[in-house]
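Participant: This is the structure I have questions about; it appears just below.
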Amino acid sequence: MERSPEIALCLVCHNIDCKSRGSIEVGEAIAARLAAAGSTVEVKPYICFGACTEGPNLVLYPQGTWYSGVQPSDVPEIANHILGGSPVDRLSEGVDPDLRELILEILDSLGDL
Ligand code: FES
C-alpha cells in the first residue's frame, strides 16, 4: 500500500527493552528539537513494536519510517528528517520488513494514536 509522505507523529517505544536503552531520553531530545523548530509533529510514547532487542525503536507516522538502534547521537539527523530533510537510512536497515508492515497495519487500524 502506498503510504502518505506526511509525518504527524513520532512514536517512541517506552517498553522495558527500549526504555533500558534510552528511548525516553531520545524521544525527549527529538521533541525538544522539534519544539525549537516550531514543528507541529508530536512525539508520543508507544507500548511496544515487537522488535525489543533492536531498540530503541521509533516509528514516524503515517509515513511509516521505522528507526531502530537509535542513539542520542542520531537525534539531530532524525529531527532533520522529521523537519523535511533526508531519511537516516542506516537506522532502517535492521528493521524486519514483514514486522514493519504488520506494525503499520496495526497503527493504521488504531485510528486515534
Ligand atoms: S521494548 Fe521497544 S519494541 Fe519492544
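Take our numbering: the final residue in the sequence shown is number 102, and no numbers are missing along the way.
C-beta atoms are modelled at their ideal positions from N, C-alpha and C, and glycine is treated no differently.
#1: On the criterion of 16 or more Cβ atoms from any shown chain inside 10 Å, does L91 qualify as buried, or is it exposed?
#2: Name the two residues that bound the continuous beta strand (DSSP E) containing C2.
#3: In the DSSP assignment, find the unbroken alpha helix (DSSP H) run with V32 in it and report its ends.
#4: Taking Cβ positions, are C(-1) and I13 nearer each other than 9 angstroms?
#5: Measuring from the CB of C37, is there a heavy atom of ligand 1 at a distance below 8 angstroms?
#6: Quick check: the Cα distance between R80 and S57, rounded to an integer number of angstroms?
#7: Is P45 helix, strand or coil by DSSP?
#8: Locate the alpha helix (DSSP H) running through S9, then write down its first and last residues.
#9: Start and end of the alpha helix (DSSP H) containing G53?
#10: On the criterion of 16 or more Cβ atoms from any shown chain inside 10 Å, does R(-8) qualify as buried, or is it exposed?
Facilitator: Once the coordinates are examined:
#1: exposed
#2: Note, C2: beta strand (DSSP E), -4 to 2.
#3: If you look at V32, you'll find it isn't in any alpha helix (DSSP H); it sits in the beta strand (DSSP E) that goes 31 to 35.
#4: Contact flag unset, no.
#5: yes
#6: Before going further, note that residue 80 is Leu rather than Arg in the sequence given. In a straight line, the C-alpha of L80 is about 6 angstroms away from that of S57.
#7: Coil at P45, not helix or strand.
#8: 5 to 9
#9: No alpha helix (DSSP H) contains G53, which DSSP labels as neither H nor E.
#10: exposed
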